[in-house]
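Per my numbering, the sequence shown starts with residue 15, numbered consecutively. We put the beta carbon where it would ideally sit given N, CA and C, even for glycine.
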Amino acid sequence: MKRIVPSPEERRLYNQYQWVWDMIGTIEDYEKLARYIAGRIRKHENLKTKNILHLGCGSGCLDHHLKGQFTITGVDISEKMLESARLKNPECEYIQGDMKDFETDGVFDAVIIPESINYILSKEHIGNVFKNAKTPLKKDGLLLVIVGYDPENFPQDRTTVERVTNKNKAIELTFIENNYTAYPQSNSFEATFVFLIRIQGKLEIKTDIHSLGLFEKETFADEMTKAGFKACFIEDQYLEEIEQKGAYLLVGKSFA
Ligand SMILES: C[S@@+](CC[C@H](N)C(=O)[O-])C[C@H]1O[C@@H](n2cnc3c(N)ncnc32)[C@H](O)[C@@H]1O
Numbered sequence: 015m016k017r018i019v020p021s022p023e024e025r026r027l028y029n030q031y032q033w034v035w036d037m038i039g040t041i042e043d044y045e046k047l048a049r050y051i052a053g054r055i056r057k058h059e060n061l062k063t064k065n066i067l068h069l070g071c072g073s074g075c076l077d078h079h080l081k082g083q084f085t086i087t088g089v090d091i092s093e094k095m096l097e098s099a100r101l102k103n104p105e106c107e108y109i110q111g112d113m114k115d116f117e118t119d120g121v122f123d124a125v126i127i128p129e130s131i132n133y134i135l136s137k138e139h140i141g142n143v144f145k146n147a148k149t150p151l152k153k154d155g156l157l158l159v160i161v162g163y164d165p166e167n168f169p170q171d172r173t174t175v176e177r178v179t180n181k182n183k184a185i186e187l188t189f190i191e192n193n194y195t196a197y198p199q200s201n202s203f204e205a206t207f208v209f210l211i212r213i214q215g216k217l218e219i220k221t222d223i224h225s226l227g228l229f230e231k232e233t234f235a236d237e238m239t240k241a242g243f244k245a246c247f248i249e250d251q252y253l254e255e256i257e258q259k260g261a262y263l264l265v266g267k268s269f270a
């Protein structure tokens with residue numbers, strides 16, 4: 015399958031409808047994932063981790079939980095997501111940038127990439143992300159990547175439906191997501207979204223499409239090794255319960 019050329023309207027969920035993202039993924043929803051990440055950092059660190067670079071930080075829900083233990087710098091491609099992150103976490107630093115191609119003056123004990131590496135669509139670009147993660151890391155620093163989707167366990171043509179309402183029930187949202195791939199002909203998949211938004215009962219229907227990468231574990235490990243990390247995979251049921259079946263953690267230890 016040829017990759018669908020992203021339209022300028024793609025990823026409205028993060029740009030035009032960022033508030034929809036905040037309704038389906040609340041601060042409370044991120045507590046378990048934050049605990050998991052903090053625990054894994056403590057388990058694998060060689061340095062006592064104090065400051066973290068969070069690539070693809072989104073709207074700051076995860077950082078809200080991590081900032082008690084760590085100093086966080088977040089990078090995201092979407093200015094709208096960053097606006098929301100700054101409101102939630104004024105004590106964190108947020109920088110607009112593409113994780114494939116950014117520079118920072120900071121020096122970090124750990125870099126985390128949770129739930130966003132699948133936005134990288136080529137092996138070469140995955141390599142660039144890991145090299146960019148390595149540059150500001152201290153020697154013996156840690157790279158943690160949560161890979162959400164794996165070709166072996168891909169939920170082909172799965173459709174999920176979630177319903178949420180805001181506090182005063184003025185907004186009712188039905189969030190429909192479908193995942194579809196032509197793997198192995200293609201190393202990508204489409205996440206297609208339909209939002210049924212009822213504001214004071216009045217219906218609006220919105221759509222969105224995200225093109226995401228679908229690469230084998232070995233591809234991630236090879237690119238991590240080439241970027242100067244010792245890589246290992248951790249598959250655990252707890253992470254699959256928080257994320258979805260097939261999600262795993264990739265840990266890289268910077269050795270130079
Ligand atoms: C699913 S959200 C994850 C948010 C956050 N990591 C978390 O766990 O709460 C994915 C985020 O990745 C960001 N993103 C996608 N491609 C990116 C890129 N090339 N560089 C930086 N951020 C990117 C999106 O804007 C979005 O905010």
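- For threonine 188, the enclosing beta strand (DSSP E) starts and ends at 185–195.
- The residue among Glu255, Leu96, Met238, Lys259 with its C-alpha nearest the C-alpha of lysine 145 is Met238.
- Contact annotation: glutamate 176 and isoleucine 51 have beta-carbon atoms that are not nearer than 8 Å.
- Counting along the chain, no beta strand (DSSP E) covers phenylalanine 116, and no H or E run does either.
- Every residue whose beta carbon comes nearer than 5 Å to a heavy atom of ligand 1 appears here in chain order: Tyr28, Gly70, Gly72, Leu76, Asp90, Ile91, Ser92, Met95, Asp112, Met113, Pro128, Glu129, Ser130, Tyr133.
- Ranking Leu27, Tyr44, Ile213, Arg56 by CA distance to the CA of leucine 157 puts Arg56 first.
- Within a 10 Å sphere around the beta-carbon of isoleucine 86 sit 16 or more other beta-carbons, which makes this residue buried.
- Less than 8 Å divides the Cβ of glycine 74 from the Cβ of alanine 99.
- Under the three-state reduction of DSSP output, lysine 81 falls in the coil class, being neither helix nor strand.
- Rounded to whole angstroms, the separation of the alpha carbons of leucine 263 and proline 169 is 18 Å.
- Of the candidates Lys102, Ser136, Ser130, Asn201, the residue whose Cα lies closest to the Cα of proline 165 is Asn201.
- Under DSSP, the beta-bridge partners assigned to aspartate 222 are Phe207.
- In this structure, tyrosine 163 sits away from lysine 94, with a CB-CB distance that is not shorter than 8 Å.
- If you look at phenylalanine 247, you'll find it isn't in any alpha helix (DSSP H); it sits in the beta strand (DSSP E) that goes 243–248.
- Shown here for aspartate 77: same chain residues with a beta carbon closer than 8 Å to its own, the five before and five after excluded, namely His68, Cys71, Ile86, Gly88, Ala99, Lys102, Asn103, Cys106 in chain order.
- One thing to note: glutamate 129 has its Cβ within 8 Å of the Cβ of isoleucine 160.
- Between leucine 61 and aspartate 123, the CB-CB gap stays under 8 Å.
- According to the DSSP secondary-structure assignment, tyrosine 44 is paired through a beta bridge with no residue.
- Per DSSP, valine 175 is one residue of the beta strand (DSSP E) stretching across 172–179.
- The beta-carbon distance between phenylalanine 207 and aspartate 222, rounded to whole angstroms, is 4 Å. This is short enough to meet the 8 Å contact definition.
- With respect to glutamate 254, alanine 261 sits close: the two C-beta atoms are nearer than 8 Å.
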